[in-house]
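*Asks:* One structure is given below, represented as structure tokens, and several questions about it will come after.
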Amino acid sequence: MSGDSNIGAWIQFARLTVAAGEMAPFPYIKGVAGCIATILEVIEVRTVNRCCMILSGGLVSWQEQRGPSGLGREHWNDNTNHQGNLLKRMVIRVRLVFAGVCVELQAYLECLIAELNTTRHNLKSKSIMRFLKTKKISSVIDGYKQRVNNIKADYLVLVTTDSRLAMSEMQNAVTQATETAQSCITSTVKSQGHYIRGEIRSLGDIQREHAAQICEKLQDLKGYYKGQVRELFPGDIYIGKLVSPWCDSSLGYEDRYGTVENSSTAKIIRVYQHSPGNEEAILKRFDNDADTLIRTKHPNIAQVFGICRSPNFPAIVFHGITQIPFRDYERNLTAKQFVPFYIQLFYELESVSEYLSTHYTFLTPGFWAGRGHIHLNEHGQVVVVAMVSEWYFTGGFVMRIFDKPGNRVRLRRLSTEPLPSHVNRWSLSLTLRKDNLCNVYDAIKRIILSKPFQSFHPQNQPYAPGSVLTSRGETLVGRVQTRLDEWNVHWTTSANDHTILLLPSTNNGSITVPLPYAGTLPFDASICSRSFNGALNSWIAQASQLQSCVCSRGPVDDDELLLIDTMFTLCVGLEERYDPFRLYNTFMAEDHHTLSLSISAPSVDYQTNKVSWPVFAWFYDAGSEMSLVEVEEVFGVKVFKEKTSWTPPVSKTVLTTIPELNANYGFDPARGGADVCKYFGWPFVEILDVSTGDWMPLHGTVPESTSVISDDGYRTLSEKTASSPSNALEEGHVGEASAETEVAPALQTRSLKSGRGSWVFIVMFIIISIILLSFVVQTYM
């Protein structure tokens with residue numbers, strides 16, 4: 001067997017012998033021929049493996065001769081690794097094929113031995129042992145098996161050795177190619193270093209330009225970053241329309257929208273206007289404002305973009321796209337936004353106050369005083385645009401920048417209670433539970449009652465507290481079912497002693513106040529209803545429903561409805577030509593005579609819902625009544641009386657969106673606020689039927705317990721208080737700054753009883769006169 005073709009021929013011959021052995025009567029011939037065919041196949045496979053090894057060695061030599069220059073530097077490493085992996089996979093594949101062949105041959109031989117043993121047993125039974133020596137044949141087959149195992153072991157050792165040698169040679173080639181590539185890269189970098197450094201510098205410049213553009217965009221969008229202040233010229237600025245139509249000419253400047261040369265975003269431009277008489281003062285103020293604003297760095301203080309210092313066109317250009325006047329922004333707040341906005345407003349103003357208090361050295365005290373302006377930017381945040389000794393009124397808050405360093409900056413409400421306690425309660429009320437809705441209403445009331453209210457002086461008889469009127473024409477359309485028999489008298493002296501006196505709950509109830517220093521000190525008395533606070537709760541809850549009902553009945557003279565509170569004021573002042581040697585002073589020096597003032601509660605007509613003036617009576621020495629003319633003449637005082645009606649400044653947007661707020665806290669918006677009033681026990685709102693003049697409940701049937709109290713109820717209540725001692729004053733504290741005194745009635749005689757007594761007296765007088773006349777006639781007859 002000198003070649004592959006001879007081995008193939010012998011293999012074919014052995015396979016034919018196997019096929020002939022199946023038809024022959026001697027089975028062992030088939031087995032021997034199968035063994036010979038298997039051995040020849042193993043030899044053929046080994047020959048093929050040796051040829052593969054020779055071929056792979058030739059490929060490696062060919063690659064080494066080619067080198068990196070032939071394949072290219074960039075692909076040499078990849079090709080080398082690929083060839084190494086290919087050779088590994090080929091060796092593993094050959095190994096697996098040969099192992100499979102050996103295992104198959106071993107299994108076949110074992111089966112053949114078992115078959116021969118069976119054949120030997122059969123031949124023994126036929127007594128032909130002399131012809132077939134199966135044991136010898138079995139030994140020959142075992143010899144062949146051992147030779148195959150030796151061939152297998154020899155092949156594995158050979159493959160392992162050749163593979164290790166080939167991998168070592170390939171690793172050396174890869175290492176050499178890597179070193180060559182590194183040296184080429186190093187030389188290239190050294191030769192082109194100046195070009196690479198230039199590219200790096202150009203990329204750095206481009207990156208810096210991009211960063212500058214990003215900072216400029218952030219500066220234009222946010223308005224919180226204070227960059228370099230530009231020096232501008234009049235030709236660089238283009239002004240547009242006014243920021244706010246309510247421009248105060250006394251400020252000396254006006255804010256306008258506009259643009260600036262080389263800037264892509266709109267700006268706020270403050271242009272200072274001066275006349276020939278005040279040019280120096282305005283320019284001085286411009287310089288102070290510009291220096292102050294440039295130095296401030298706070299997110300809620302306007303940031304300066306540029307300054308134009310031309311005497312003919314002094315201007316300050318601010319960052320920001322929009323400045324919304326505070327009252328315009330507040331007017332558009334819904335009921336759900338109202339309280340959270342004021343909580344945020346408080347914290348922002350508090351931050352501004354603390355900042356200005358610590359940076360007060362650069363402010364200009366005493367130069368300018370007036371009402372400051374606070375705006376809101378496009379992000380809904382407060383922006384302060386001036387910080388020189390001004391008042392800043394923001395709804396329920398006021399921030400004052402004092403001109404004295406000792407006072408610094410102060411933030412407070414228009415009332416005396418500290419702000420943090422209010423704001424903490426407002427924050428707790430934002431939890432969506434039914435009971436917390438009352439706290440939200442309380443927050444809304446405190447905010448609107450702390451703001452300057454709208455007042456007017458009615459020419460005719462004023463309407464009672466709780467009346468609902470249109471904002472023009474004073475047309476009565478509704479009212480709140482509140483008690484109108486409870487009135488307070490706020491008594492104030494010139495020494496700022498404030499006392500609250502309670503008028504008894506009766507139509508004719510009155511109090512008597514002694515005036516020991518009449519003629520020497522002024523006194524003020526304000527009479528107002530005690531139940532207006534509860535009426536305001538009902539008004540907030542049901543105003544939206546009342547507005548819809550009024551508009552559905554036909555056109556009214558205005559689409560905005562107002563809740564009215566009425567107050568009566570009495571001022572006891574000094575005459576302009578006061579003579580210290582009047583009769584009153586002489587009396588005071590000798591006998592200590594006292595002047596007293598009796599104040600009767602106002603009376604209400606529940607059909608027209610109008611209220612009359614309270615009755616004032618003057619008494620001398622607690623017994624002698626004096627007229628007003630006599631009091632002014634004898635005691636040297638001047639009495640002024642005034643009636644004032646005012647309305648809480650709550651926006652229409654808040655009132656019309658209250659149902660959404662009620663729905664958030666679990667109430668039915670379709671009930672129009674009636675379920676809210678019923679849940680908290682507030683009075684209901686009534687609407688006036690113009691055709692009949694009757695009052696009807698606004699929503700559904702009003703329970704009897706919440707109906708308007710009749711006059712009989714007032715009289716019953718007054719009889720319960722009639723036994724109180726007269727002319728007694730009991731003083732006690734109310735809150736922090738006021739005292740509450742309940743005064744017993746001074747006039748206990750009721751009009752009805754006095755009328756009946758006078759008629760009885762007249763009748764008795766007539767009867768007695770008739771008896772006396774008849775007696776006289778009989779005597780002289």
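In full-length UniProt numbering, the protein residues as written are 1 to 781. Backbone N, C-alpha and C fix where the C-beta goes; we use that ideal spot for every residue, glycine too.
#1: Give the secondary structure of N488 by DSSP, where H, G and I count as helix, E and B as strand, and everything else as coil.
#2: Rounded to a whole number of angstroms, what is the C-alpha to C-alpha distance between L562 and L232?
#3: In angstroms with no decimal places, state the Cα-to-Cα distance between A114 and L165.
#4: In or out: N609 buried (at least 16 other Cβ within 10 Å) or exposed?
#5: Please determine, among T492, A535, S548, the residue with the shortest C-alpha to C-alpha distance to L521.
#6: Please work out which residues of its chain come closer than 7 angstroms, Cβ to Cβ, to S548, disregarding the five sequence neighbours upstream and downstream, and give them in chain order.
#7: Quick check on the burial criterion: 16 or more other C-beta atoms within 10 angstroms. Buried or exposed for R479?
#8: Put Q171 into one of helix, strand or coil per three-state DSSP.
#9: To which residues of the same chain is I282 closer than 6 angstroms at the C-beta, ignoring the five residues directly before and after it?
#10: Go ahead and pull the three-state DSSP assignment for L747.
#11: Within a Cβ cutoff of 6 angstroms, which residues of the same chain sit near S769, ignoring the five residues on either side of it in sequence?
#12: So is F338 buried or exposed if we call it buried at 16+ other beta carbons inside 10 Å?
#13: Compute the beta-carbon to beta-carbon distance between E660 and A335, rounded to the nearest angstrom, for a pair I have assumed lies under 8 angstroms.
#14: Exposed or buried, what is M170 when buried is set at 16 or more other beta-carbons lying within 10 Å of its beta-carbon?
#15: Once you ignore the five residues that flank N149 on each side, which residues in its own chain have a CB closer than 7 angstroms to its CB?
#16: Would you call H319 buried or exposed, if buried means 16 or more other Cβ atoms sit within 10 Å of its Cβ?
#17: Under the three-state reduction of DSSP, which class applies to T160: helix, strand or coil?
#18: Give the straight-line distance between the Cα atoms of Q542 and T470, rounded to the nearest whole angstrom.
#19: Straight-line CA distance for V440 to R331?
#20: Measuring straight from C-alpha to C-alpha, what distance separates P465 and F453?
#21: In terms of residue numbering, what span does the beta strand (DSSP E) encompassing W618 cover?
#22: How big is the Cα-Cα spacing for Y257 and P299?
#23: By Cβ distance below 6 angstroms, which residues in the same chain neighbour T657 in space, the five residues on each side in sequence not counted?
#24: May I have the straight-line CA-CA distance separating I527 from N377, to the nearest angstrom?
#25: With DSSP collapsed to three states, give me the class of V477.
#26: Can you tell which of A173, M764, Y679, N117 has its C-alpha closest to the C-alpha of K434?
#27: Name the residue from A525, Q213, E686, V384 whose alpha carbon lies nearest to the alpha carbon of V550.
#28: Quick check: the Cα distance between L503 and N533, rounded to an integer number of angstroms?
#29: Compute the Euclidean distance between the alpha carbons of D621 and V637, then round it to the nearest angstrom.
#30: Closest to F286 by C-alpha separation, out of P276, I307, A302, would be which residue?
#31: How about L570 and A525: are their beta carbons less than 9 angstroms apart?
#32: Any idea if K451 is buried or exposed, counting beta-carbon neighbours within 10 angstroms, 16 or more meaning buried?
#33: Excluding five sequence neighbours on each side, which residues of the same chain lie with their C-beta closer than 6 angstroms to the C-beta of S600?
#34: When you compare only the Cα positions, how much space is there between E633 and L595?
#35: Less than 7 angstroms between C-beta atoms, sequence neighbours within five positions excluded: which residues of the same chain meet that for G67?
#36: P462 lies in the alpha helix (DSSP H); which residues open and close that run?
*Replies:* Reading off the structure:
#1: strand
#2: 50 angstroms
#3: 44 angstroms
#4: buried
#5: T492
#6: none
#7: buried
#8: helix
#9: G252, Y272, H274
#10: The predicted model places L747 with a pLDDT of 30, which falls under 50 and marks its position as unreliable, so this point remains unresolved.
#11: none
#12: buried
#13: 6 angstroms
#14: buried
#15: none
#16: buried
#17: helix
#18: 16 angstroms
#19: 18 angstroms
#20: 15 angstroms
#21: 616–620
#22: 20 angstroms
#23: T334, A335
#24: 43 angstroms
#25: strand
#26: Y679
#27: E686
#28: 17 angstroms
#29: 17 angstroms
#30: I307
#31: yes
#32: buried
#33: S510, P614, V615
#34: 13 angstroms
#35: Low confidence applies to G67: its pLDDT is 49, below 50, so where it sits in the model is not reliable, and the reading given next is rough at best. Contacts found: none.
#36: No alpha helix (DSSP H) holds P462; DSSP gives it neither H nor E.
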